[in-house]
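S.K.:
Residue numbers (my numbering): 417 to 789.
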């Protein structure tokens with residue numbers, strides 16, 4: 417059958433303030449976007465979203481995170497991208513070229529200044545400008561301090577489900593500086609000594625702190641979740657029958673995170689429930705499933721670095737999950753005798769699972785960054 421796919425698209429914005437020793441605001445900068453790095457996306461295979469941003473990391477270097485092509489344009493034949501003028505550098509191998517038309521091309525090699533070999537083959541004769549994003553970075557140019565100390569105001573550290581996204585806000589408070597220091601790099605990290613989940617270079621000359629002042633950084637991690645409203649899905653195991661899919665109970669505390677979906681039991685289910693789709697909730701607000709529900713535990717394939725996805729296979733054998741009318745299926749979790757669906761698919765017509773047939777369902781959860789040139 418067709419693999420059922422769910423997607424998480426992450427982006428970060430942050431804002432910086434400088435606080436005087438008396439607690440008064442000395443400086444404030446507007447919200448700015450941040451680049452999520454490949455190291456960070458790979459880390460999501462093993463750690464939660466709130467874990468990979470545990471630390472804020474500041475530096476004094478000015479190593480950029482991107483390079484815009486300006487008047488230089490690109491065309492592509494098969495896996496070869498050609499620039500209209502010298503633009504590529506040897507260091508671009510491993511970086512990401514995002515064209516202004518939206519395509520993202522992973523650069524694998526740079527034979528010369530006007531030619532790059534990319535991972536994805538395509539044909540495009542239309543000259544298009546773009547941006548090379550330095551997604552293969554792992555750290556700041558000159559790191560000077562990290563903190564996992566958070567603000568304690570009521571709205572400093574929150575998680576909400578709003579406008580199709582899970583938005584996690586975190587407020588970091590750095591220790592007072594003991595000498596004048598100009599901060600130009602900001603990033604996020606899992607541990608006190610780990611590589612960075614994401615990073616950015618501040619605009620202009622950065623932010624200067626004098627002795628006794630503190631750096632305060634507000635982060636908003638936006639994770640766009642799809643589908644949060646019914647979307648077409650299928651066809652399924654009986655020819656011609658499709659349906660709709662939607663997330664319901666996200667279970668942010670445990671199973672929402674790609675890493676957590678295997679650390680916590682997430683059975684795949686078949687059910688005769690006639691419940692309509694419910695309003696999605698951050699935890700279990702959408703509620704439990706009614707009717708008869710039968711489950712098996714899926715097997716997760718090994719993670720492939722750089723794929724940013726997990727695939728799960730659920731196998732219902734001859735005596736598993738038999739129902740004369742399967743009106744919905746998906747995955748979720750049991751709380752004693754109560755079942756909460758995370759993702760649910762409702763077919764356009766009831767399906768059947770009987771003892772004459774086995775059934776295999778494949779689910780794929782993928783995650784990535786949202787890049788805007």
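Ideal Cβ positions, reconstructed from N, Cα and C, are used throughout, including at glycine.
Every value quoted in this text rests on a predicted model; they were computed, and no experiment measured them.
Check whether the Cβ atoms of residue 379 and residue 644 sit closer than 9 Å, and answer yes or no.
M.R.: The structure shown does not extend to residue 379, since the chain is modelled only from 417 through 789, so no value can be given for it.
S.K.: Ordered along the chain, which non-local residues of its own chain (more than five positions away) have a Cβ less than 6 Å from that of residue 715?
M.R.: Within the chain shown, numbered from 1, the residue matching residue 715 stands at position 299. So the qualifying residues of the chain are 729.
S.K.: What residue from 493, 587, 576 and 689 has the CA that sits closest to residue 698's CA?
M.R.: Working through the chain shown from its first residue, we reach residue 698 at position 282. Cα-wise, what sits closest to residue 698 is 576.
S.K.: Here's the rule: buried if 16 or more other CB atoms are within 10 angstroms of the residue's CB, otherwise exposed. What is residue 605?
M.R.: On the chain shown, residue 605 is found 189 positions in, with the first residue counted as 1. Looking at its Cβ environment, which holds 16 or more other Cβ atoms inside 10 Å, residue 605 is buried.
S.K.: Could you say which of 552, 573 and 520 lies nearest to residue 537 if we only look at CA atoms?
M.R.: For this step, residue 537 is matched to residue 121 along the chain shown. Minimum Cα distance to residue 537 is reached at 520.
S.K.: Between the C-alpha atoms of residue 547 and residue 514, what's the straight-line distance to the nearest angstrom?
M.R.: The residue given as residue 547 occupies position 131 in the chain shown. The residue given as residue 514 occupies position 98 in the chain shown. Whole-angstrom Cα-Cα distance: 5 Å.
S.K.: When you compare each of 670, 450, 507 and 667 to residue 615 by their alpha carbons, which one comes out closest?
M.R.: As a position in the chain shown, residue 615 is number 199, starting the count at 1. Looking at the Cα atoms, 450 is the closest of the given residues.
S.K.: Let me know if residue 532 comes out buried or exposed under the rule of 16 or more other beta-carbons within 10 Å of its beta-carbon.
M.R.: Sequence index remark: in the chain shown, residue 532 carries index 116 (1-based). Residue 532 should be labelled buried.
S.K.: Extract the residue ranges of the alpha helix (DSSP H) inside the region 621–689, only unbroken runs of 4 or more that lie entirely within it.
M.R.: The region 621–689 contains these whole alpha helix (DSSP H) runs: 676–679.
S.K.: Could you give the residue range of the alpha helix (DSSP H) that holds residue 472?
M.R.: Position 56 of the chain shown holds residue 472. That residue, residue 472, is in no alpha helix (DSSP H); its beta strand (DSSP E) goes 471–475.
S.K.: Please state whether DSSP places residue 532 in a helix, a strand or coil.
M.R.: Working through the chain shown from its first residue, we reach residue 532 at position 116. DSSP places residue 532 in strand when its eight states are reduced to three.
S.K.: Taking Cβ to Cβ, would you say residue 683 is nearer than 9 Å to residue 711?
M.R.: As a working note, residue 683 is residue 267 in the chain shown. As a working note, residue 711 is residue 295 in the chain shown. Yes, the Cβ-Cβ distance between residue 683 and residue 711 is below 9 Å.
S.K.: Please classify residue 486: does DSSP put it in a helix, a strand, or coil?
M.R.: As a first step, residue 486 must be located in the chain shown, where it is residue number 70. The answer is coil: DSSP assigns residue 486 none of H, G, I, E or B.
S.K.: If you draw a straight line from the C-alpha of residue 689 to the C-alpha of residue 459, how long is it?
M.R.: Taking the chain shown and counting its residues from 1, the one referred to as residue 689 is at position 273. Taking the chain shown and counting its residues from 1, the one referred to as residue 459 is at position 43. Cα to Cα, the separation comes out at about 37 Å.
S.K.: Name the DSSP bridge partner or partners of residue 616?
M.R.: Start at 1 with the first residue of the chain shown, and residue 616 comes out as number 200. Bridge partners of residue 616: 602.
S.K.: What are the uninterrupted segments assigned as beta strand (DSSP E) that are 3 or more residues long and contained completely in the region 418–461, given in chain order?
M.R.: With a minimum length of 3 residues, the continuous beta strand (DSSP E) runs that stay inside the region 418–461 are 420–435, 441–444 and 448–452.
S.K.: What do you get for residue 549, buried or exposed, if any count of 16 or more other CB atoms within 10 angstroms of its CB means buried?
M.R.: Translated into positions along the chain shown, residue 549 becomes position 133. Buried.
S.K.: At a cut-off of 8 Å, is residue 630 close to the ligand NAP when judged by its beta-carbon and the heavy atoms of the ligand?
M.R.: Judged by which ligands are present, the structure shown has none, so any question about the ligand NAP falls away.
S.K.: Using only the alpha-carbon positions, how far apart do residue 478 and residue 708 sit?
M.R.: For the purposes of this step, residue 478 is identified with residue 62 of the chain shown, where counting begins at 1. For the purposes of this step, residue 708 is identified with residue 292 of the chain shown, where counting begins at 1. The alpha-carbon atoms of residue 478 and residue 708 are separated by roughly 59 Å.
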